[in-house]
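Following our numbering from start to finish, the sequence shown increments by one per residue and tops out at 156. Idealized CB from N, CA, C, for every residue including glycine. To start, the structure under review is shown below, and the notes come after it.
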Amino acid sequence: THPAFRYLGPSPQDMYLYLENLGIKKMKEIMLTMRPLSADEAERCGFVNKVVPKEDLERWTQDYAQAITAMPLDGIMMGKAMMNMMMESRGKGTGSIGAWMGHAWSTNLVYQPGEWNFLKERRDKGLTQALRERDEMVAPFFRLRQKKKESDHG
Numbered sequence: 003t004h005p006a007f008r009y010l011g012p013s014p015q016d017m018y019l020y021l022e023n024l025g026i027k028k029m030k031e032i033m034l035t036m037r038p039l040s041a042d043e044a045e046r047c048g049f050v051n052k053v054v055p056k057e058d059l060e061r062w063t064q065d066y067a068q069a070i071t072a073m074p075l076d077g078i079m080m081g082k083a084m085m086n087m088m089m090e091s092r093g094k095g096t097g098s099i100g101a102w103m104g105h106a107w108s109t110n111l112v113y114q115p116g117e118w119n120f121l122k123e124r125r126d127k128g129l130t131q132a133l134r135e136r137d138e139m140v141a142p143f144f145r146l147r148q149k150k151k152e153s154d155h156g
């Protein structure tokens, strides 16, 4: 999902992923405010497995691939099937159906008078200017385009 679509409301396609990895409170905070999740914060709350410097990314990718390919293929396939069954038992399938419903709803948003309309602003002013204007509407902690530290808020 393109980051700009956060301005249409919580992204239904990502809700299952956010819920499973972040928990209900953090998911609601991120999805209702649409504040960006920094790499370090994502790692601390278990949203990503590992954050590495860009210059080390290729090596880490190769190391992970090597570790996975050291396993027997049949074992990997069975393990993935069992993981998918467990995800299904935790609601992944229902979450996917909800995501499709949510996508349909979000394509039919009705804006109230005075509400900021990302799609209209993007059409009229271009993506860059629309994103800049939207970011200016909220405190720096919640802006997509501005680098910040958690200590900057509060």
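Under a 10 Å Cβ-count criterion, R92 is classified as exposed, with fewer than 16 other Cβ atoms of the shown protein chains found around its own Cβ. Separation of M80 and M88 (C-alpha to C-alpha, rounded to the nearest whole angstrom) is 12 Å.
Contact annotation: the region 25-34 does not touch the region 94-114, with fewer than three C-beta pairs closer than 8 Å. Shown here, Y20 sits in a helix according to DSSP, grouped into three states. Straight across, the Cα-Cα distance linking L34 with P74 is about 43 Å. Three or more Cβ pairs drawn from the region 139-147 and the region 34-43 lie within less than 8 Å of each other, which places the two stretches in contact. In the structure shown, G77 adopts helical secondary structure according to DSSP, grouped into three states. Under the three-pair Cβ rule at 8 Å, the region 16-27 counts as touching the region 43-55.
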